[in-house]
Every structure is written in structure tokens, then in C-alpha cells.
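Everything on this sheet refers to the single structure shown next.
In the numbering used here, the protein residues as written are 33 to 236.
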């Protein structure tokens with residue numbers, strides 16, 4: 033009944049949070065020698081260009097829903113090759129919009145480890161939304177190292193913008209194709225994740 037009430041994605045998130053809380057509190061002695069689970073967000077990706085699974089490529093709605101769900105709930109990035117192979121075997125070579133969808137799924141995977149809340153890709157600029165202000169641990173422990181990294185490597189390309197309680201990164205979109213901008217953002221999210229991971233492993 034709980035799944036029907038809140039939806040699968042939110043239900044799974046609630047379960048993950050409950051398990052993690054138990055591991056850190058009631059059963060912390062049992063799990064103390066296990067590696068700490070790396071924190072992730074649930075980012076949304078908005079683009080000015082079309083991506084998706086067309087009906088004429090994959091006619092059955094349940095097939096499309098299954099592939100959408102699988103793509104955007106990746107646990108390991110290595111799963112993507114299996115998904116692509118299965119799609120090609122069943123439906124043939126995927127069209128460009130599907131290729132872009134799979135790249136957006138890769139971006140969402142890496143953006144989740146970069147703890148970004150949302151990425152908006154527009155023709156002129158890209159907006160990456162940082163965690164909300166109530167994520168105290170992020171701003172106490174991770175924000176300064178992230179700020180230092182961006183200022184040292186991307187000072188001319190990226191600026192921090194405050195909007196009410198939301199802090200965003202604004203990036204000039206100098207890329208001449210959706211593929212190139214997705215490639216850049218995947219690489220950028222990996223760099224942010226490296227910064228976060230180094231700080232986190234130092235603390236724990």
C-alpha cells in the first residue's frame with residue numbers, strides 16, 4: 033500500500049534513508065567496519081533539445097517505461113552497456129534522440145554523486161543547482177573546497193548565482209552540439225564528485 037501511495041521512486045528513497053539511519057544509529061556497531069555509503073542526490077535534467085524513446089522505435093508503452101526506469105535508476109554505470117545492447121537487440125539501432133537520452137542518464141548518474149539538485153541546459157547557458165540551504169553538512173564541509181576548485185579551474189567560465197535560498201552555477205554554453213555539452217557536463221560532474229570524495233574520505 034505504501035508504494036501505491038507515494039510512488040516507487042519516493043518509496044525506494046524512503047527505504048534507503050531508513051536503512052542508512054539504522055546503520056548509523058541503532059546498528060552502528062554492526063556496520064562500523066563497512067565503508068560509508070557515498071551520498072547521492074536525485075537530480076532532474078532539463079534540456080532545450082529533444083531526447084526520449086519514440087513510439088515508432090519502441091511501440092509498446094510498457095517497454096518504453098521499463099527502459100526509462102532502468103536508465104534513470106542506474107546503480108552502476110557499467111549497467112549502461114547491457115541496457116544499450118538489449119535495446120539494440122530488440123529494436124535495432126537507436127535513433128539520435130535515444131542516444132541523447134542514454135547520455136542524459138549518464139549525466140544524471142554522475143550529477144547524483146556531485147550532489148546537484150538540477151541541471152538545466154539552455155542554448156546560451158547551463159544552470160546547475162546546488163543542494164538546498166538546509167543541507168548543512170554540504171555547506172559546512174564541502175562548499176568551500178568546491179568553491180576553491182571552481183575558482184581555480186573555471187573562474188572565467190562559471191559563476192555562482194544566489195536566488196533566494198538557492199545557489200546555482202551558471203555556465204556559458206559554448207558547445208556547438210548537444211553531444212558536446214553532455215560530454216562536458218559528465219566530465220564536470222565527475223570532477224565535482226572527486227572533490228567531494230576527497231573531502232569525505234578525509235573526514236571519515
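All C-beta atoms in this analysis are idealised placements derived from N, C-alpha and C, irrespective of residue type, glycine included.
Name the two residues that bound the continuous alpha helix (DSSP H) containing residue i.
i: residue 192; result: Segment 190–195 is the beta strand (DSSP E) holding residue 192; no alpha helix (DSSP H) there.
i: residue 167; result: Here residue 167 belongs to no alpha helix (DSSP H), and DSSP marks it neither H nor E.
i: residue 78; result: From DSSP, residue 78 is part of no alpha helix (DSSP H) but of the beta strand (DSSP E) over 76–79.
i: residue 183; result: 175–185
i: residue 73; result: Neither: residue 73 is in no alpha helix (DSSP H) and is coded neither H nor E.
i: residue 102; result: 93–103
i: residue 130; result: 128–145
Starting from residue i and walking both ways along the beta strand (DSSP E), at which residues does that stretch end?
i: residue 113; result: That residue, residue 113, is in no beta strand (DSSP E); its alpha helix (DSSP H) goes 111–123.
i: residue 150; result: 150–153
Return the chain-ordered list of same chain residues with a C-beta closer than 8 Å to the C-beta of residue i, the five sequence neighbours on each side being excluded.
i: residue 231; result: 173, 174 and 177
i: residue 218; result: 135, 138, 139 and 142
i: residue 213; result: 153, 158, 205 and 207
i: residue 170; result: 147, 162 and 163
i: residue 104; result: 137 and 140
i: residue 156; result: 204 and 205
So, at 7 Å on beta carbons, what are the nonlocal neighbours of residue i in its own chain, with the 5 sequence-adjacent residues on each side left out?
i: residue 75; result: 140, 143, 144, 148, 149, 150 and 151
i: residue 102; result: 115
i: residue 224; result: 146 and 178
i: residue 119; result: 99 and 126
i: residue 161; result: 148, 149, 150, 198 and 200
i: residue 72; result: 144 and 145
i: residue 106; result: 112, 137 and 141
i: residue 216; result: 207
i: residue 194; result: none
i: residue 83; result: 129, 132, 133 and 136
i: residue 222; result: 142
Ignore the nearest five residues each way along the sequence and tell me which others in residue i's own chain have a CB closer than 6 Å to its CB.
i: residue 90; result: 96 and 123
i: residue 182; result: 190
i: residue 78; result: 152
i: residue 226; result: none
Pull the bridge partners of residue i from the DSSP assignment, please.
i: residue 160; result: 151 and 201
Would you please state the rounded distance, in angstroms, between the beta carbons of residue i and residue j? I believe it to be under 8 Å.
i: residue 129; j: residue 163; result: Incorrect: roughly 30 Å between the Cβ atoms, too far for contact.
i: residue 81; j: residue 132; result: 7 Å
Following a CB-centred definition, is residue i positioned closer than 8 Å to any heavy atom of the ligand COA?
i: residue 178; result: Here there are no bound small molecules, and the ligand COA is not part of this structure.
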